[in-house]
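Undergrad: I have a structure here, written as structure tokens, and I will follow up with some questions on it.
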Amino acid sequence: MFTLKRVIVANCRFLSTRGNVVLKNLHKTESPETVVETKQKLPNNQIGVTEDGGQQFYGFRYYPRFPGHQDPPYEPSKVLMVERIRDLKHRPHWEKDIIAKLGLPKEVKSSKVVIVANTPSMCAQLWKVKHLIRVTPITFPQGLPEDGDAAGARLQDNGELVFIPKLKSDALMAATQSKPEDRRDYLDTDTVKKHLRLKWLMPY
């Protein structure tokens, strides 16, 4: 009975304390200055400012070298170049699934390069396999063509997409020329095999 009485008193005390907290929160009013400060948009996806001068972001806190220092504005790339640099041997199945979803081959040692969009969901997938891949942002030093013609484009190893006029002229020349199958002197695979067989049977 004594124990039951102590439990009832403790619960009543907790309820009374909780009620006081609710009442205090209801009577609490914010000043106009506080409302204005909370509505201001902070730069670079910043959440707030700590008391010791740090800038609070999602997941970490940054302390600038000088008080009031702001990083220069940075425009992230809209597309990323992803390349696998590690072997998938003895790796868990979820990492292999992510690599397969990205379009990277799992068998060969040297992988090809894939182009992905720089979106939050894609970056979350890349973060899970960051130890297996190399991510390079794609830049456009010459800009994009106004007519939208991407002929002659070449993607460098450093992520720069440049446009070479000679490649564009070669592509136009290849498009205007006739196909090899349409030529009279074109030999297909079956014809070549037939001629080689006859040469083997009658070499002289």
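Take 1 as the starting number for the sequence shown in the working numbering and just add one per residue. All C-beta atoms, glycine included, are put in the ideal place defined by N, C-alpha and C.
Count the CB pairs spanning the region 126 to 141 and the region 73 to 84 that are closer than 8 Å, and state whether there are at least three.
TA: Enough Cβ pairs lie closer than 8 Å, so yes.
Undergrad: Looking at C-beta atoms only, is the number of pairs between the region 168 to 186 and the region 146 to 159 that lie closer than 8 Å three or more?
TA: With a cut-off of 8 Å, the region 146 to 159 and the region 168 to 186 count as touching, because enough Cβ pairs lie within range.
Undergrad: Who are the near neighbours of M122 in its chain, counting only those whose CB is closer than 7 Å to its CB and skipping five residues on each side?
TA: Here residue 122 is taken as the residue at index 122 of the sequence shown, counted from 1. Here the set comprises V116.
Undergrad: Mapping DSSP to helix, strand and coil, what is F115?
TA: Within the sequence shown, the letter at position 115 stands for residue 115. The identity of residue 115 in the sequence shown is Ile, whereas the question assumes Phe. Strand.
Undergrad: Mapping DSSP to helix, strand and coil, what is V9?
TA: Counting from 1 along the sequence shown, the entry for residue 9 is found at position 9. Model confidence at V9 stands at a pLDDT of 46, short of 50, so the residue's coordinates are unreliable; what they give is reported in the following sentence. In this structure, V9 counts as helix in the three-state DSSP scheme.
Undergrad: Beta-carbon separation of K106 and I98 under 8 Å?
TA: If you number the sequence shown from 1, residue 106 lands on position 106. If you number the sequence shown from 1, residue 98 lands on position 98. The answer is no: Cβ separation not under 8 Å.
Undergrad: Do you know whose CA, among W94, I85, N118, lies nearest K112's CA?
TA: Indexing the sequence shown from 1 puts residue 112 at position 112. Per the Cα distances, I85.
Undergrad: Check whether the Cβ atoms of I47 and Y63 lie closer than 8 Å to each other.
TA: Stepping through the sequence shown from its first residue, residue 47 is reached at position 47. Stepping through the sequence shown from its first residue, residue 63 is reached at position 63. Not in contact: I47 and Y63 (Cβ atoms no closer than 8 Å).
Undergrad: If you measure from the beta carbon of I133 to each beta carbon in chain D, is any gap under 8 Å?
TA: No chain D appears in this structure, which consists of one protein chain only.
Undergrad: Cα-Cα, which of T50, G68, L102 is closest to Q125?
TA: What you label residue 125 is simply residue 125 of the sequence shown in a count that begins at 1. The candidate whose alpha carbon is nearest that of Q125 is L102.
Undergrad: Run the CB neighbour count on Q177, radius 10 Å, all protein chains shown included, and call it buried at 16 or more, exposed below.
TA: Locating residue 177 in the sequence shown gives position 177, counting from the first residue. The residue is exposed, with fewer than 16 neighbouring Cβ atoms inside 10 Å.
Undergrad: Per the DSSP calculation, M81 is bridged to which residue(s)?
TA: Translated into positions along the sequence shown, residue 81 becomes position 81. Paired residues: I115, T136.
Undergrad: If you follow the beta strand (DSSP E) that A124 is in, where does it begin and where does it stop?
TA: The residue given as residue 124 occupies position 124 in the sequence shown. That residue, A124, is in no beta strand (DSSP E); its alpha helix (DSSP H) goes 120 to 128.
Undergrad: Looking only at C-alpha atoms, which of P73, N45, P145 sits nearest to P165?
TA: Counted from its first residue, the sequence shown places residue 165 at position 165. The shortest C-alpha separation from P165 is found at P145.
Undergrad: DSSP three-state call for E75: helix, strand or coil?
TA: Reading the sequence shown from its first residue, position 75 is the one you call residue 75. Of the three classes helix, strand and coil, the one that applies to E75 here is coil, per DSSP.
Undergrad: Since E95 and K128 are thought to touch, with beta carbons under 8 Å apart, how far apart are those beta carbons, to the nearest angstrom?
TA: Your numbering for residue 95 matches position 95 in the sequence shown. Your numbering for residue 128 matches position 128 in the sequence shown. Contact holds; Cβ gap of about 7 Å.
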